[in-house]
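Residue numbering for the sequence shown follows the working numbering, beginning at 180 and increasing consecutively. C-beta: ideal position from N, C-alpha, C; glycine also.
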Amino acid sequence: MFRSVALSVALAALLAGCQAPRPLPPPTKPIAVCAGGEMMMQTTLWFGLSKPQGGVVSRDDWQQFLDKEVTPRFKAGLSVYDASGQWLEKSGKLAREPSKALMLIHGAENGVNDDIEALRTLYKQRFGQESVMRVDAPVCVGF
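Structure follows, in structure tokens:
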């Protein structure tokens, strides 16, 4: 008898701790994808400054590339900032390199992709680079 009373008390205590799950909150209104702005593309190009034969792309060389190759293709505007890149080489060695990041905000006009690819190709050829990384993302832009 004592055993069945103890078992009943234990079972009651366990059940008292059980609660029905709370209902989910009502769904919210969907957020406007680009309220008050314009959907555009952001392309960021990452230019390594270390030359394979040693040394780095000088400030003057970079400025000349920017003035003669980049600006004529993207007269509406651009941003450039200094960066420090690093990656793991196939050998397992950590490589580090000073870099320049070029951010372009643009629409889907004809020729934009060709201009971006031309910059990548020209930079690789001119400064002996293996690659120029490109990152594209849709963005909501307001001016």
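Rounded separation between residue i and residue j - CA only
| i | j | result |
| --- | --- | --- |
| Thr-222 | Ile-284 | 6 Å |
| Ser-310 | Leu-228 | 11 Å |
| Lys-272 | Gly-286 | 39 Å |
| Met-220 | Gln-265 | 25 Å |
| Gln-308 | Glu-268 | 15 Å |
| Ile-295 | Cys-213 | 25 Å |
Where residue i sits in the DSSP three-state scheme
| i | result |
| --- | --- |
| Val-291 | helix |
| Phe-306 | helix |
| Leu-228 | coil |
| Thr-250 | coil |
| Glu-296 | helix |
| Leu-257 | coil |
C-beta atoms of residue i and residue j nearer than 9 Å
| i | j | result |
| --- | --- | --- |
| Pro-277 | Ser-263 | yes |
| Leu-224 | Arg-275 | no |
| Phe-226 | Val-236 | yes |
| Phe-326 | Tyr-302 | The requested residue 326 does not occur in the structure, where the chain is confined to residues 180 to 322. |
| Lys-230 | Phe-306 | yes |
| Gly-321 | Glu-217 | yes |
Where the beta strand (DSSP E) through residue i begins and ends
| i | result |
| --- | --- |
| Glu-276 | 273-285 |
| Cys-319 | 312-320 |
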